[in-house]
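Once you know that position 99 of the sequence shown is 98 in numbering that gives the first Met the number 0, the rest is easy, because the numbers rise by one and skip nothing.
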Amino acid sequence: MMIKVEAIVREEVFEDVKEALNAIDVNGITVSQVMGYAAQRGYKKLVRGTEVDVVMQPKIKFEIVVSSEEWEKKTIDAIQKAAFTGEVGDGKIFSYEIRTALKIRTKESGYDALN
């Protein structure tokens, strides 16, 4: 079974999460800058003297594909510990099964495509 773990976290915890994943020897990660909101609902900001509601918050999205439920748990635990501040807006972690994976260069599929 291949499992994809996605985490959307605060920008300021990027390095902490990356180091936590490296510490448990995660083979590969994809990182994107994203925008979104949930309970945080944004903030007010002055733009050219006018108060503006800024709803979308900048976040970092980590995407990691792992090869077992054991690695899924280790990965989620590492992210949760590294990203935790206790404040609204810490983020979310999702995981779901992947049906297939294919390495474009070598045409390897399944688990072999993960390395």
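Even for Gly, the Cβ is constructed at its ideal location relative to N, Cα and C.
Can you list the beta strand (DSSP E) stretches of 3 or more residues lying completely in the segment 71-103, in chain order? Whole beta strand (DSSP E) segments, 3+ residues: 90-97.
Assuming residue 16 is part of the alpha helix (DSSP H), what are its boundary residues? That run of the alpha helix (DSSP H) goes 13-22.
If we count Cβ pairs, one from each stretch, closer than 8 Å, do we get three or more for the segment 26-34 versus the segment 92-104? Inter-segment contact for the segment 26-34 and the segment 92-104 is absent: fewer than three beta-carbon pairs are separated by less than 8 Å.
What residue range is occupied by the uninterrupted beta strand (DSSP E) comprising residue 3? Segment 1-9, the beta strand (DSSP E) holding residue 3.
Pull up the CB-CB distance for residue 4 and residue 75, whole angstroms please, since I reckon it's below 8 Å. Between residue 75 and residue 4 the Cβ distance is about 6 Å, and since that is below 8 Å, they are a contact.
When the distance is taken between beta carbons, is residue 64 closer than 8 Å to residue 97? A contact, by the Cβ cut-off of 8 Å.
Using the rule of at least 16 other Cβ atoms within 10 Å of the residue's Cβ for burial, across every protein chain shown, is residue 51 buried or exposed? With fewer than 16 other Cβ atoms within 10 Å, it is exposed.
Residue 171 versus residue 99: straight-line alpha-carbon distance, rounded: Here the chain has residues from 0 to 114 only, and residue 171 is not among them.
Below 6 Å CB to CB, which residues in the same chain sit around residue 110 once its five sequence neighbours on both sides are set aside? Around residue 110: 66.
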